[in-house]
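Reading through the structure tokens given below for one structure.
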């Protein structure tokens, strides 16, 4: 029985240049609400560029193609409006912002989103209740409440903090750029649990990853191989296992053949 | 260059809100400087001969001195004969006896600056001395303070009413021959604030002086002297603004602090002199000598400064730690935008045993600005067990500005401990993008990042002014994006 799915994100023939060099050379991708997609590929294939372009990084020049998000022209929106519309990027290297309280930033983010949606802003007390609950779920200590944004966090703590932010902001589309890298197995489980808790018929998740191991915990509906600036192969979760076993060269070879 | 860093530059495009001119008749000396001018200023102040002698001595010495050129700043030579050294708003009779007699235009000026002097609207818990060009026009809460034994008045009043205190302490921390600008100030200073807190008294309210330059072609040369007697404590704040003019104006002040045994002085500055326009035209030259002496044991002097204005800033609020166990502190945020130049820092001179000092400097550069930290930590052979901690951080916005750090250390006692940490970071496009990606507007993001950077210094400001300083910073960073 076919389930009616609404298209959340649709990328058509997207080409992108970074510092004069063409990195994405015609990417096509369709993500429906309720789905989890994994984008895999070797280093330098354009995975992170794709994630950053979708989030609105300005140094990346879109030379052709289109992206729609819930039917709106995503590329016409500035980064902050994409975020308020429900697009979240979990950064590969979350940046430190010294002296800016972690909770303060997150509260400002939530309120910016609520304001844009015409909802009342949350006050500090209400927010503290919400974040404490989410932190408990993510096995994070309360010391996170008083620390600066990513200030002195370990690699794993930074990634956990990204997922915490995602859970508080409840995006419609979460793009997680190598959120699994640098995590030990316990942290990987917690992060996976966080991502899975967001799975919902109205939301979608795009996982950008090198490794199959995350996909053991967050099972994708579709797996895509991005290499040389194009998606060259798509399949179900078994594709990820095959990639793990045979490497990426095999995809390229089979494509040439 | 990426469009993002243009955004950052647009964001820091500063709008100067205090640039208006008060249309008021003034009594000014014509431009020029010689012994007659020095004598004329002294006469206008009805000073005793001893003060005039001091001025003339300073003036004669100044004539033999060279303008310093070691600072990391560049400007056209100043024509000292083209400046008027005295300008005061004309008042009908002599000095106004109460606020009701102060020219309403002056009250209005301070009102516009957010410093209400009128009884009804006074800043709660803060006594204000308002200095307009060369003279003090009003001091609030004098009665309440005098009940506690605290003297807070204009420098001119102090010369008249407390000559022995003035003679005893004036020039005892910054000698008239100290440096070029201090010598000039010692010759031509016109007014300023005077504070004396008697033994054992904790000053019941915050004291503040609000400096305003209004007249064109004048310099402001004020003198501030604060004495905390044994076991006394006081917190003092100064604020500064000036109209927008195309010519540069000179502000060369001298501030002296004296802390006797167990006394504490906290001196905070929110400096927002007109910085010049976005092309570097006009603005105040802020060449200031500030020094405090921890003369007694267990005394403490703490400088906190938020410097956002002036075309050129040249100042090094310093502490001479003479008394045993005395403490010196320097917390600074210096913002330089457009073509502003700042060369600022501190000197901590450790003389007494077990003296301690802390230096935290945060420099923010934007536009084409040049921001320099220059500091000296000197530990004399007598300062056994002395300790210093220095932290200098620089934040760059855009890629046309620069930051420099010149820390000097002279350690002559082997038991001393001196620590220095420094960092330079660029306001990251990464930090900005991170905030934008979380839905936060660019303006809010820049404010957030900069406030975070300055947090440790703002924490040191008196509560009444921490908010003001934060707002001032936001105004400096207010921009076109949004």
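Protein chains in written order, with this note's numbering: chain A, 214 to 470; chain B, 52 to 533. Virtual Cβ for every residue (Gly too), placed ideally from N, Cα, C.
Less than 7 angstroms between C-beta atoms, sequence neighbours within five positions excluded: which residues of the same chain meet that for residue 312/A? 361
Taking C-beta to C-beta, are residue 335/B and residue 324/B nearer than 8 angstroms? yes
CB residue 91/B to CB residue 103/B, shorter than 8 angstroms? no
Should residue 485/B be flagged as near chain A, meaning a C-beta pair shorter than 8 angstroms? yes
Kindly list, in the order they appear in chain B, the residues whose Cβ is closer than 7 angstroms to that of residue 313/A. 499, 500 and 503
Looking only at DSSP bridge pairs, what is residue 253/B linked to? 284/B
Closer than 6 angstroms by C-beta to residue 255/B: which residues in its own chain qualify, once you throw out the five before and the five after it? Chain order, please. 199
Alpha carbon to alpha carbon, how far is residue 446/B from residue 296/A? Give it in angstroms, no decimals. 27 angstroms
Would residue 422/B and residue 473/B qualify as a contact pair, given that the criterion is a beta-carbon distance under 8 angstroms? no
Residue 310/A beta carbon less than 8 angstroms from that of residue 114/B: no
With DSSP as the reference, label residue 144/B as helix, strand or coil. Low local confidence applies: a pLDDT of 47 at residue 144/B is under 50, so the model's placement there is unreliable, with the coordinate-based value given in what follows. Residue 144/B: coil per DSSP, three-state reduction.
Under three-state DSSP, which class holds residue 311/A? strand
Just curious, the beta strand (DSSP E) that residue 456/B is in, first and last residue? 453 to 462
Between the stretch 267 to 278 of chain A and chain B, which residues of the former have CB atoms less than 9 angstroms from a CB of the latter, in chain order? 268, 269, 270, 271 and 272
Opposite residue 339/A in the DSSP bridges: which residues? Looking at the DSSP assignment, residue 339/A forms no beta bridge with any residue, so it has no partner.
Would residue 177/A pass as an interface residue toward chain B - the criterion being a Cβ-Cβ separation below 8 angstroms? The question about residue 177/A has no answer here: the residues shown for chain A are numbered 214 through 470.
Please identify the residue among 275/B, 181/B and 359/B whose C-alpha is closest to the C-alpha of residue 139/B. 181/B
Grab me the residues of residue 225/A's own chain with a C-beta within less than 7 angstroms of its C-beta, minus the 5 sequence neighbours each way, in chain order. 241, 278 and 279
Between the CA atoms of residue 442/B and residue 313/B - distance to the nearest angstrom: 26 angstroms
Does the distance from the CB of residue 285/B to the CB of residue 258/B come in under 8 angstroms? yes
Taking the C-alpha atoms as reference points, what is the distance between residue 202/B and residue 432/B? 37 angstroms
Quick check: what's the CA-CA separation for residue 143/B versus residue 155/B? Note that residue 143/B scores a pLDDT of 47, beneath 50, so its modelled location is shaky; the value from the coordinates is reported in the next line. Rounded to whole angstroms, residue 143/B to residue 155/B spans 12 angstroms at the Cα level.
Under 8 angstroms between the Cβ atoms of residue 428/A and residue 251/A? yes
For the stretch 337 to 355 of chain A, enumerate the residues whose C-beta is nearer than 9 angstroms to any C-beta of chain B, in chain order. none
By a C-beta neighbour count over all protein chains shown, 10 Å radius and 16 as the cutoff for buried, is residue 330/A buried or exposed? exposed
Return the residue from the list 339/A, 350/A, 262/A and 345/A that minimises the CA-CA distance to residue 405/A. 350/A
7 angstroms Cβ shell around residue 82/B - same chain, five flanking residues per side excluded: 132, 133, 134, 135 and 268
To which residues of the same chain is residue 461/B closer than 8 angstroms at the C-beta, ignoring the five residues directly before and after it? 427, 428, 429 and 430
Can the beta-carbon of residue 385/A be found closer than 8 angstroms to that of residue 412/A? no
Check whether the stretch 361 to 381 of chain A touches the stretch 279 to 289 of chain A, taking contact to mean three or more Cβ pairs, one atom from each stretch, closer than 8 angstroms. no
Closer than 8 angstroms, CB to CB, is residue 442/B near chain A or not? no
Contact set for residue 227/A: own chain, Cβ-Cβ below 6 angstroms, skip 5 residues either direction: 237, 240 and 278
Do residue 230/B and residue 340/B have their C-beta atoms within less than 8 angstroms of each other? yes
Mind pulling the beta strand (DSSP E) runs of 3 or more residues that sit fully within the stretch 374 to 421 of chain B? 378 to 387, 392 to 401 and 407 to 416
Whole-number beta carbon distance between residue 249/A and residue 433/A, since they are thought to touch under 8 angstroms: 5 angstroms
Go through its chain and collect everything with a Cβ distance to residue 329/B's Cβ below 6 angstroms, but skip five positions before and after it. 389
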